[in-house]
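*Asks:* Sequential numbering from 3 applies to the sequence shown in the working numbering.
My questions all concern the structure below.
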Amino acid sequence: MIEFKSVSKHYGGVAAVRDFSLQIPEGQTLVFVGSSGSGKTTLLRMINRMVEPSKGQVLIAGQDVQVTDAVKLRRSIGYVMQHGGLLPHRTVQDNVATVPRLNGTAKQTARLQALELLERVGLDPKLAKRYPRELSGGQQQRVGVARALAADPQILLMDEPFAAVDPIVRRELQLELMRLQAELGKTVVFVTHDIDEALLLGDTVVVLKNAGEIAQIGTPEQLVSEPADDFVRDFIGFDRSDRRLTTVTRGGVKYVVDATGRPLGLLGEEQSPAAVQGQAEGDLQAAQGQARDQLTAEASA
Ligand SMILES: Nc1ncnc2c1ncn2[C@@H]1O[C@H](COP(=O)(O)OP(=O)(O)O)[C@@H](O)[C@H]1O
Ligand SMILES: [Mg+2]
Numbered sequence: 003m004i005e006f007k008s009v010s011k012h013y014g015g016v017a018a019v020r021d022f023s024l025q026i027p028e029g030q031t032l033v034f035v036g037s038s039g040s041g042k043t044t045l046l047r048m049i050n051r052m053v054e055p056s057k058g059q060v061l062i063a064g065q066d067v068q069v070t071d072a073v074k075l076r077r078s079i080g081y082v083m084q085h086g087g088l089l090p091h092r093t094v095q096d097n098v099a100t101v102p103r104l105n106g107t108a109k110q111t112a113r114l115q116a117l118e119l120l121e122r123v124g125l126d127p128k129l130a131k132r133y134p135r136e137l138s139g140g141q142q143q144r145v146g147v148a149r150a151l152a153a154d155p156q157i158l159l160m161d162e163p164f165a166a167v168d169p170i171v172r173r174e175l176q177l178e179l180m181r182l183q184a185e186l187g188k189t190v191v192f193v194t195h196d197i198d199e200a201l202l203l204g205d206t207v208v209v210l211k212n213a214g215e216i217a218q219i220g221t222p223e224q225l226v227s228e229p230a231d232d233f234v235r236d237f238i239g240f241d242r243s244d245r246r247l248t249t250v251t252r253g254g255v256k257y258v259v260d261a262t263g264r265p266l267g268l269l270g271e272e273q274s275p276a277a278v279q280g281q282a283e284g285d286l287q288a289a290q291g292q293a294r295d296q297l298t299a300e301a302s303a
């Protein structure tokens, strides 16, 4: 488990994160979603000590990260950033092998493992001898994921990893991550400003306002069916015209769904008294599960 205990980070007099507390259970994908400047990157980087808190503590498995060896800590946590962060003068294979090599794995072993990892993230191992500049943006991000997984970390930190690629490639990468995560069961902390991405990938989604203030925390289903306030409602974008919202009826309950068929919420509260609420939530989850299965099947087809 990762735990933030009353964590603050100040730059000069300005708070990037103010008094933030959260527990992240093992093996799930937790998404921080919020607009630019809301403190997402700062929160993420405090987990692997790339940023040191001004106040409070971050604990991993009960241990304060401040008292761990920063270098060891960083090598034991996978980290993927927006622009891959690959070393330009190293081949794809050697980029992926970097951390295992630093951890003492023999060169040949590390290189063989790198080839397996490339396949695992959906890349042709033939690309292994190329340099990062010889890959597309989407391919570079896949290499970034492979590299982050190379030391078989329990924790994977991802900072807007798919934000810089075009929408079709982004969707492929999102589905690939879902497939990988179903296999690997890592603790993934994923940062995005894209609410659709957050709802698709998150087991738990944390909507952030300024300075890491939590507007709402919940499952995607909870956020869309019971947004905590107008801020969350606006962020989810029930009113956005590009969503092409329609309704479907399942099990006697009416849902709002977006253009991809993803359920966004229930319609007609007065028709769904508390007694059927549980049933309705079950349906909503099933519907979302189906939508995910479909997308995953599409991706692997
Ligand atoms: N190294 C820094 N020096 C000064 N201010 C910073 C630094 N890093 C982040 N900030 C400020 O802290 C706030 C949160 O930043 P950040 O965590 O990067 O937000 P996000 O990732 O959500 O866009 C922003 O206002 C940003 O300008
Ligand atoms: Mg950021």
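By construction, the Cβ of each residue, glycine as well, lies at the ideal position given by its N, Cα and C atoms.
Does ARG103 come out as helix, strand or coil in the three-state DSSP assignment?
*Replies:* Residue state, collapsed to three classes: helix.
*Asks:* Is it right to say ASN97 is buried, meaning 16 or more other beta carbons lie within 10 angstroms of its own, or is it exposed?
*Replies:* When all chains shown are included, ASN97 counts as buried.
*Asks:* Can you find the residues in the same chain that come closer than 7 Å, C-beta to C-beta, to PHE233, ignoring five residues on each side of it along the sequence?
*Replies:* Hits under 7 Å: LYS211 and ALA217.
*Asks:* Just to check my reading of the structure: GLN95 and ALA130 have Cβ atoms closer than 8 Å, yes? What is that Cβ distance to the nearest angstrom?
*Replies:* Between ALA130 and GLN95 the Cβ distance is about 4 Å, and since that is below 8 Å, they are a contact.
*Asks:* Closer than 6 Å between the C-beta and any heavy atom of ligand 1: which residues qualify, listed along the chain?
*Replies:* Here the residues come out as TYR13, ALA18, GLY36, SER38, GLY39, SER40, GLY41, LYS42, THR43 and THR44.
*Asks:* Check the DSSP bridge columns for THR31 and list the partner residues they point to.
*Replies:* Looking at the DSSP assignment, THR31 forms a beta bridge with VAL190.
*Asks:* What are the boundary residues of the alpha helix (DSSP H) that GLY146 is part of?
*Replies:* Per DSSP, GLY146 belongs to the alpha helix (DSSP H) from 139 to 151.
*Asks:* Return yes when the C-beta of GLU162 is under 7 Å from any heavy atom of ligand 2, and no when it is not.
*Replies:* Correct: GLU162 has its Cβ closer than 7 Å to ligand 2.
*Asks:* To test your reading of the DSSP string, which unbroken alpha helix (DSSP H) runs of 4 or more residues are found completely within the region 45 to 93?
*Replies:* Taking only runs of at least 4 residues, the alpha helix (DSSP H) segments lying wholly in the region 45 to 93 are 72 to 77.
*Asks:* If we cut at 8 Å on Cβ distances, does LEU32 have a partner in chain C?
*Replies:* Among the chains of the structure shown, chain C does not appear; only one protein chain is present.
*Asks:* Distance, Cα to Cα, ILE4 vs LEU46?
*Replies:* The straight-line gap from Cα to Cα measures roughly 11 Å.
*Asks:* Since LEU32 contacts GLY146 with CB under 8 Å, what's their CB separation in whole angstroms?
*Replies:* Actually they do not touch by this definition, with Cβ atoms about 19 Å apart.
*Asks:* Is GLY86 closer than 8 Å to GLN176 when the C-beta atoms are compared?
*Replies:* Their beta carbons are not under 8 Å apart, which means GLN176 does not touch GLY86 by this criterion.
*Asks:* Which of the three DSSP states is assigned to PHE164 in this structure?
*Replies:* Note: PHE164 maps to coil in three-state DSSP.
*Asks:* Whose C-beta lies closer than 6 Å to the C-beta of ALA18 among residues of the same chain, with five residues either side of it excluded?
*Replies:* If we look at ALA18 and ignore the five residues flanking it on each side, its Cβ neighbours are LYS11, GLY41 and THR44.
*Asks:* Less than 8 Å between the beta carbons of GLN37 and HIS195, yes or no?
*Replies:* Sequence inspection shows Ser at residue 37; the Gln mentioned does not correspond to that position. Yes. Within cutoff.
*Asks:* Ligand 2 heavy atoms versus the CB of VAL193: any closer than 7 Å?
*Replies:* VAL193 Cβ: within cutoff of ligand 2.
*Asks:* Which partner residues does LEU24 have in the DSSP bridge list?
*Replies:* Answer by DSSP bridge pairing, in chain order: PHE6.
*Asks:* Go ahead and pull the three-state DSSP assignment for GLN115.
*Replies:* Three-state DSSP puts GLN115 in a helix.
*Asks:* Hey, how far is the Cα of LEU159 from the Cα of ILE79?
*Replies:* Going by the C-alpha atoms only, they are around 7 Å apart.
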